[in-house]
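**Student:** Numbering that gives the first Met the number 0 applies: residue 0 is where the first sequence begins, and numbers increase by one.
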Amino acid sequence: MSVVLLMGPTGAGKSAAAVALATRLPAEIVSVDSALVYRGLDIGTAKPDAALRAQVPHHLIDILDPAQPYSAGQFLRDASAAIEAIHARARIPLLTGGTMLYFHALLHGLAELPEADPDLRRELDERAARGGTAALHAELARVDAQAAARIHPNDPQRIQRALEVFYLTGQPISELQASRQAPLAGHDTVKIVLSPERRAVLHQRIEERFLGMMAAGFLEEVRALRARGDLEAQMPSMRAVGYRQLWAHLDGAYGLEEGVRRGIVATRRLAKRQLTWLRALAGARWVEPSDHGAVDLIAGLVKSSPSPNPS
RNA sequence: GGCGUGGUGGCAGAGUGGUCAUGCAGCGGCCUGCAAAGCCGCGUACAGCGGUUCGAUUCCGCUCCACGCCU
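1. Take residue 289 and list the residues in its own chain whose beta-carbon comes closer than 6 angstroms to its own, dropping the five residues that flank it on each side.
2. Would you call the segment 230–237 in contact with the segment 59–70, where contact means no fewer than 3 C-beta pairs closer than 8 angstroms?
3. In terms of residue numbering, what span does the beta strand (DSSP E) encompassing residue 93 cover?
4. Can you tell me whether residue 27 is helix, strand or coil according to DSSP?
5. Under the three-state reduction of DSSP, which class applies to residue 118: helix, strand or coil?
6. Helix, strand or coil for residue 183, going by three-state DSSP, please let me know.
7. When burial is assigned at 16 or more other CB atoms within 10 Å of the CB, is residue 229 buried or exposed?
8. Of the choices 221, 201, 191 and 204, whose alpha-carbon is the least far from that of residue 299?
9. Judging by CA-CA distance, which residue of 198, 172 and 105 is the nearest neighbour of residue 274?
10. Taking the beta carbon of residue 106 as the centre, do at least 16 other beta carbons fall within 10 Å, making it buried, or is it exposed?
11. To test your reading of the DSSP string, which unbroken alpha helix (DSSP H) runs of 4 or more residues are found completely within the segment 33–116?
12. Return the CA-CA distance between residue 44 and residue 32, expressed in angstroms with no decimal places.
13. Using a Cβ-Cβ cutoff of less than 8 angstroms, which residues in the same chain neighbour residue 110 once the five nearest sequence positions on both sides are dropped?
14. First and last residue of the beta strand (DSSP E) that includes residue 6?
15. Under the DSSP definition of a beta bridge, which residues are partnered with residue 192?
16. Span of the alpha helix (DSSP H) holding residue 200?
17. Select from 95, 1 and 121 the residue whose C-alpha is nearest the C-alpha of residue 88.
18. Is residue 270 near residue 98, with beta carbons less than 8 angstroms apart?
19. Can you tell which of 54, 92 and 53 has the C-alpha that lies nearest to the C-alpha of residue 81?
20. In whole angstroms, give me the CA-to-CA distance for residue 52 and residue 26.
21. If you measure between the beta carbons of residue 193 and residue 13, is that distance less than 8 angstroms?
22. Would you mind sorting residue 317 into buried or exposed? The rule is 16 or more other CB atoms within 10 Å of its CB.
23. Alpha carbon to alpha carbon, how far is residue 90 from residue 24? Give it in angstroms, no decimals.
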């Protein structure tokens with residue numbers, strides 16, 4: 000059974016290409032996106048609208064309330080279930096998105112580690128605030144020297160995770176991480192990267208798109224999210240690009256113009272990080288989005304995908 | 001035409017006769033349950049040409065450019 004991976008930086012035009020592809024192939028779209036999972040984050044995430052979603056089945060969109068955290072592990076379970084269901088219908092799963100950790104997890108697997116523990120994280124956060132990140136890193140070095148060596152002393156997120164896993168399991172994360180199994184291991188995969196060759200082109204698309212979102216009511220969307228009263232700036236959903244900056248603007252941190260500017264900058268940086276993953280990815284076919292035959296080209300690649308990809 | 005002030009990396013903006021400003025932007029990279037996150041790394045800039053000096057972005061002269069004032 001084959002699976003198609005349609006990847007690319009934000010703003011490259013993946014969503015539109017996926018829909019176009021799905022209308023000419025027996026395919027269903029599985030979103031690989033950490034922000035599209037949230038209900039109510041529509042404009043700022045460039046979420047495919049209802050009309051598009053009526054046209055082609057989309058999975059893993061709007062599955063969560065913005066107050067809830069999501070995770071790569073949960074994504075793996077959700078995506079695996081979706082892929083299986085689509086295959087059961089004798090259709091092709093078209094995994095589309097830009098959350099590269101999720102693609103990576105699909106391709107290489109995740110070790111069996113415990114889920115995040117909110118209480119423990121809160122406690123570690125407090126200790127980091129009091130004693131500093133360096134102290135926690137030193138603590139990690141005592142219980143798991145190998146992990147400490149790999150994690151930079153300034154990286155609070157990973158230090159916290161390593162400590163969390165250790166306290167939850169009593170075992171060093173560096174040992175637990177040694178084994179993992181890739182969910183896509185048994186499938187043929189067609190990997191496609193949709194991205195402009197020239198960075199300047201991508202930057203321009205990003206800016207135009209962000210401005211378009213503003214014109215479409217992005218600020219009002221964020222305002223409405225804030226008005227719920229139960230969302231906070233630290234939540235994963237509100238840390239999404241654009242939401243974070245507009246939220247800070249509404250907090251009075253800076254003017255609207257500055258918020259927009261920062262939102263665009265954050266989007267460019269996101270694209271840059273995505274491209275770093277993408278460049279390191281083996282066996283992908285790169286496609287220029289502005290080429291008129293781009294969708295046909297991809298459709299052709301999918302149809303003629305004879306090469307069972309062992310990785 | 002005269003006088004004055006100023007020309008610092010993509011932008012902003014300090015500064016010094018002999019390591020490094022800095023900030024923003026940009027670029028490269030890392031990545032195993034917060035990932036649209038978190039983190040690491042990267043710039044012989046001192047308008048040009050001469051001169052003084054062991055050494056000039058810093059001192060002197062000329063040229064060019066910008067701004068202001070004057071005729």
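Backbone N, C-alpha and C define an ideal beta-carbon position, used for all residues, glycine too.
Quick caveat, the model's predicted, so the values are computed rather than measured.
**Tutor:** Walking through what the data contain:
1. Position 290 of the first sequence, counted from the start, is the residue given in the question as residue 289. Same-chain partners within the cutoff: there are none.
2. yes
3. For the purposes of this step, residue 93 is taken as the residue at position 94 of the first sequence. Taken as a continuous stretch (DSSP letters only), the beta strand (DSSP E) holding residue 93 covers 91–96.
4. The residue labelled residue 27 in the question sits at position 28 within the first sequence. Here residue 27 sits in strand by DSSP.
5. Against the first sequence, residue 118 aligns to sequence position 119. Residue state, collapsed to three classes: helix.
6. Within the first sequence, the letter at position 184 stands for residue 183. Coil, per DSSP.
7. Mapped onto the first sequence, residue 229 falls at position 230. The residue is exposed, with fewer than 16 neighbouring Cβ atoms inside 10 Å.
8. Residue mapping note: residue 299 aligns to position 300 of the first sequence, counting from 1. Answer by Cα proximity: 191.
9. For this step, residue 274 is matched to residue 275 along the first sequence. Here the closest residue by C-alpha is 198.
10. Sequence index remark: in the first sequence, residue 106 carries index 107 (1-based). Label assigned to residue 106: buried.
11. 49–54, 71–87 and 99–107
12. Here the question's residue 44 lines up with position 45 in the first sequence. Here the question's residue 32 lines up with position 33 in the first sequence. Cα-Cα distance, rounded: 9 angstroms.
13. Position 111 of the first sequence, counted from the first residue, corresponds to residue 110. Correct list, in chain order: 175, 176, 177, 178 and 179.
14. By 1-based counting over the first sequence, the position of residue 6 is 7. 1–6 is the span of the beta strand (DSSP E), which, as asked, contains residue 6.
15. Numbered from its first residue, the first sequence carries residue 192 at position 193. Note: residue 192 sits in a beta bridge opposite 6 and 285.
16. Here residue 200 refers to the residue found at position 201 of the first sequence. Element bounds for residue 200: 198–214.
17. On the first sequence, residue 88 is found 89 positions in, with the first residue counted as 1. Taking only the C-alpha atoms, the option nearest residue 88 is 1.
18. In the first sequence, residue 270 corresponds to position 271, counting from 1. In the first sequence, residue 98 corresponds to position 99, counting from 1. The answer is no: Cβ separation not under 8 angstroms.
19. Along the first sequence, read from residue 1 onward, the residue named residue 81 stands at position 82. By alpha-carbon distance to residue 81, the top candidate from 54, 92 and 53 is 92.
20. In the first sequence, counting from the first residue as 1, residue 52 sits at position 53. In the first sequence, counting from the first residue as 1, residue 26 sits at position 27. In a straight line, the C-alpha of residue 52 is about 13 angstroms away from that of residue 26.
21. By one-based count along the first sequence, residue 193 stands at place 194. By one-based count along the first sequence, residue 13 stands at place 14. Taking 8 angstroms as the Cβ cut-off, residue 193 and residue 13 qualify as a contacting pair.
22. Within the shown structure, residues of the chain are numbered from 0 to 310, placing residue 317 beyond reach of any answer.
23. Position 25 of the first sequence, counted from the start, is the residue given in the question as residue 24. Position 91 of the first sequence, counted from the start, is the residue given in the question as residue 90. Between residue 24 and residue 90, the C-alpha separation is close to 9 angstroms.
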